[in-house]
Amino acid sequence: MNVSTSTPIIQMKNIEKHFGSVIALAGVSVDIQAGECHCLLGDNGAGKSTFIKTMSGVHKPTAGEIIFEGQPMNFANPRDAIAAGIATVHQHLGMIPLMSVSRNFFMGNEPIKKIGPIKTFDHDYANRVTMEEMTKMGINLRGPDQAVGTLSGGERQTVAIARAVHFGAKVLILDEPTSALGVRQTSNVLATIDKVRKQGIAVVFITHNVRHAMAVGDRFTVLNRGQTLGTARKGEITPEELQDMMAGGQELATLEGSLGGTV
Amino acid sequence: MSDVSNGDERIKATSKFRQSLMRPELGGIVGTVAVFVFFGLFAFDSGMFNAQGVMNWSVVSAQFMIIAVGACLLMIAGEFDLSVGSMIGFAGMMIAIFGATLGWPMWIAILITFVICIAFGALNGYIVVKTGLPSFIVTLATLFILRGFTIFIPQTLERKTIIGGIREAAEGDWLAWVFGAKIGGPFFQWLGDLGVIGTFTRGNRMGEPVVDGIPMLMIWALGLVIFGHWMLTRTRFGNWVFAAGGDADAARNSGVPVSAVKIKMFMFTAFCATVFAVCQVMEFGSAGADRGLLKEFEAIIAVVIGGALLTGGYGSVIGAALGALIFGVVQQGLFFAGVESSLFRVFLGVILLAAVILNTYIRRIITGER
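Chains as they are written, first to last, in this note's numbering: chain A, 115 to 377; chain B, 452 to 821.
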């Protein structure tokens, strides 16, 4: 896939974000193409969360410009960003365990069936769509009324991703979706990311696990102490180099020697 | 991978029985059957199941149902209202003051009382969502504030805490009829004439049936249960109620107006309490400062027996209605069976504990917690 020639769907130009005297982002520039999986890597405190929150309308940048589909954007709140097509799937998901998959799937976007002047929740439609979408993502539900609480962590991530895609996300931000998952569940989520990317949706995948990033990423941007250490294309960089950049190079190299390459 | 029929081999097949366990109404259904079997066996000849007896426990159950519907929806939305009992006393007193003491037309008195009480409900909700304080504490404050006013106002105006003369003041009033009337009189007269139900054999009501109509209270109870159940399960707003109680942050992230939902549910609870109060003052013809005492707890108990989780996000209006039915049948049934009435409280405590334990167990099944 030749992603570099098309215009980026979203461009973040010299984004700065200050919280009082703390400079969380000191001029970060990233552009994201439709249909690519752009991995955002960085250690804790590197500014990954602040950066994606700026992209999704939670924070207003102190300086810098966000250009979405060629237009400068100024999101007042997350709802603006969602309406524009930027959806975020958080680490702590936003799924309600006691509610059924179908009720969760349509939460806040309930389909309406009108009987005269009375509007009711169209359960038939909701159930049918939920089952279809889940099947597409490779999740076997007992039924649309199965409670989300009975799903595994990876399946919940997949439901959240499927929901965002169904409601028209053009940019899907995944905030550490694999950090709390087991091996098998992680591979399910990575497979989901791959499917979403192939539908032409831009995926921003935040992680600090280099192997997860390498598995699905098209391009990799490393953040360190509020700055970008550059963007690399797949095949241009080795996992070891990424790892070094994330950790700030030197110290980890020494540490890695004593740990025998286990990090 | 997309073969649905294949299923996930790690998920144990769940039997129909276990699936039915997950319905919130289950406890209420089992309890209702158990209670009727019990009293059918031990109090059948006591008059509990003749027309008069049935009407007796039905009315009591209907009273519980009215406040249980409000408490149920509010609890599913993740909040409590402890001011329901005080609200009942307060609303009744307001009607008496406006309608009897000040002599306003009864329909105006009733409407203004509804407005005042629903405004208090909205205030409860507003304080809870704005401060983020537990509704338990906020409405506990309202409990005392409203009860205080309910005693203070009639004492200041009339130097007494019971105000009568409401029945006379409500004579011929259309809105008072909606809350205080009995319907189906001719039908019951016909049943009485046929001998299906008993008739008075002495006194100035000789020949009239012992049950002379269905009180509007029961129509309200039935109407509120149907409306509540429909709204909760069949509308978009119902989904928001579940979501607001299940996880307010997650709901907000998905665009659910959580604060508005909670405030509306507080207002609905106040509405239900006021319906209860209006029916009660129309029946008694008076308002007393001590009316509605402990009703908030009775409503919550009925809701919990009906399968709702105290933590919110899960429950059923039908379940709450069955909880109210159990409540009413047992309270009156023990009287019919000639059991010492103080034992009712023992029963209440035991069944509450059993219901909470069962609900916690069911929640674990649903969410797969261990």
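The C-beta atom is built at its ideal place from N, Cα and C for all residues, glycine as well. Quick caveat: nothing in here was measured; it's all calculated off a predicted structure.
Contacting positions in the region 704-717 of chain B - beta carbon closer than 8 Å to chain A: Asn704, Ser705, Gly706, Val707
Taking A:Ser266 and A:Gln299 to be in contact with their CB atoms under 8 Å, please state how far apart those CB atoms are, rounded to whole angstroms. Between A:Gln299 and A:Ser266 the Cβ distance is about 6 Å, and since that is below 8 Å, they are a contact.
In the structure shown, what three-state DSSP assignment does B:Thr601 receive? helix
Quick one: using the 10 Å Cβ neighbour count with 16 as the cut-off for buried, is B:Gly812 buried or exposed? Note on residue identity: the sequence assigns Tyr, not Gly, to residue 812 of chain B. Exposed, by the Cβ-count rule.
Compare the beta carbon distance of B:Gly543 and B:Ala728 with 8 Å and say whether it is the shorter of the two. yes
Kindly indicate the opening and closing residues of the alpha helix (DSSP H) around A:Asn218. 215-219
For A:Arg339, would you say it is in contact with chain B, using Cβ-to-Cβ distances shorter than 8 Å as the test? no
So, for A:Val172: in the same chain, excluding its five sequence neighbours on each side, which residues have a beta-carbon less than 7 Å away from its beta-carbon? Pro192
Compile a chain-ordered list of the residues in the region 152-166 of chain A whose CB is closer than 9 Å to at least one CB of chain B. none
Which residue's Cα is closest to the Cα of B:Phe630: B:Cys723, B:Asp700, B:Gly599, B:Asn575? B:Cys723
Taking 8 Å as the CB-CB limit, is A:Asn116 close to chain B? Because A:Asn116 carries a pLDDT of 44, less than 50, the predicted location of this residue cannot be relied on, and the following value inherits that uncertainty. With 8 Å as the cut-off, A:Asn116 does not count as an interface residue toward chain B.
With three or more beta-carbon pairs closer than 8 Å as the criterion, would you say the region 683-696 of chain B touches the region 162-179 of chain A? no
Starting from A:Gln125, trace the beta strand (DSSP E) in both directions and tell me its first and last residue. 124-133
Any C-beta of chain B sitting closer than 8 Å to the C-beta of A:Arg286? A small fix is needed here, since residue 286 of chain A is Leu in this sequence, not Arg. Answer no: the Cβ-Cβ gap between A:Leu286 and chain B never drops below 8 Å.
Could you name the residues of chain A that B:Phe693 contacts, counting a contact when the two beta carbons are closer than 7 Å? Met213, Arg217
B:Thr818 touches chain A at which residues, Cβ-Cβ below 8 Å? Pro211, Leu212, Ala261, Gly263, Thr264
Report yes or no: is there a C-beta of chain B within less than 8 Å of the C-beta of A:Arg242? no
Contact check, B:Leu626 vs B:Ile670 under 8 Å by CB: the rounded distance? Not really, about 14 Å apart at Cβ, beyond 8 Å.
Which residues does DSSP pair with A:Cys153 in a beta bridge? A:Phe319, A:Phe334
Would you list the one or two residues that DSSP bridges to A:Gln185? A:Phe182
Mind checking who A:Gln341 pairs with in its DSSP beta bridge? A:Asn338
Determine whether the Cβ of A:Thr234 lies closer than 8 Å to any Cβ atom of chain B. yes
Backbone CA spacing between A:Thr272 and B:Lys633 [nearest angstrom]: In a straight line, the C-alpha of A:Thr272 is about 56 Å away from that of B:Lys633.
Sufficient close CB pairs (3 or more, under 8 Å) joining the region 523-536 of chain B to the region 589-606 of chain B: yes
In angstroms, rounded to a whole number, what distance separates the CA positions of A:Phe133 and A:Thr164? 10 Å
Just list the alpha helix (DSSP H) runs in the region 718-783 of chain B, keeping only unbroken ones of 4 residues or longer that don't cross its boundaries, in chain order. Those alpha helix (DSSP H) runs which fall completely within the region 718-783 of chain B and span 4+ residues are 746-756.
Please list the partners that A:Ile226 has in chain B, where partner means a Cβ-to-Cβ separation under 8 Å. Within 8 Å Cβ-Cβ: Arg687.
Which partner residues of A:Ala261 appear in the DSSP bridge assignment? A:Ser214
Whose C-alpha, out of B:Leu799, B:Asn704, B:Ala711, B:Ser497, is nearest the C-alpha of B:Asn575? B:Ala711
Positions along the region 552-586 of chain B whose CB lies within less than 7 Å of some CB in chain A: none
Checking 8 Å against the spacing of the C-beta atoms, do B:Gly540 and B:Arg598 come in under that value? yes
Could you tell me the distance, in whole angstroms, from the CA atom of A:Gln185 to the CA atom of A:Val144? Separation of A:Gln185 and A:Val144 (C-alpha to C-alpha, rounded to the nearest whole angstrom) is 16 Å.
Endpoints, beta strand (DSSP E) assigned at A:Asp145: For A:Asp145, the uninterrupted beta strand (DSSP E) run begins and ends at 136-146, by DSSP.
Counterpart residues of A:Glu289 in DSSP-defined beta bridges: A small fix is needed here, since residue 289 of chain A is Asp in this sequence, not Glu. The partner list for A:Asp289 (beta bridge, DSSP) reads A:Ile320.
Look at the alpha carbon of B:Ala621 and the alpha carbon of B:Met667, and state the distance between them as a whole number of angstroms. 15 Å
Span of the alpha helix (DSSP H), counted from its first residue to its last, around A:Phe165: Residues 162-169.
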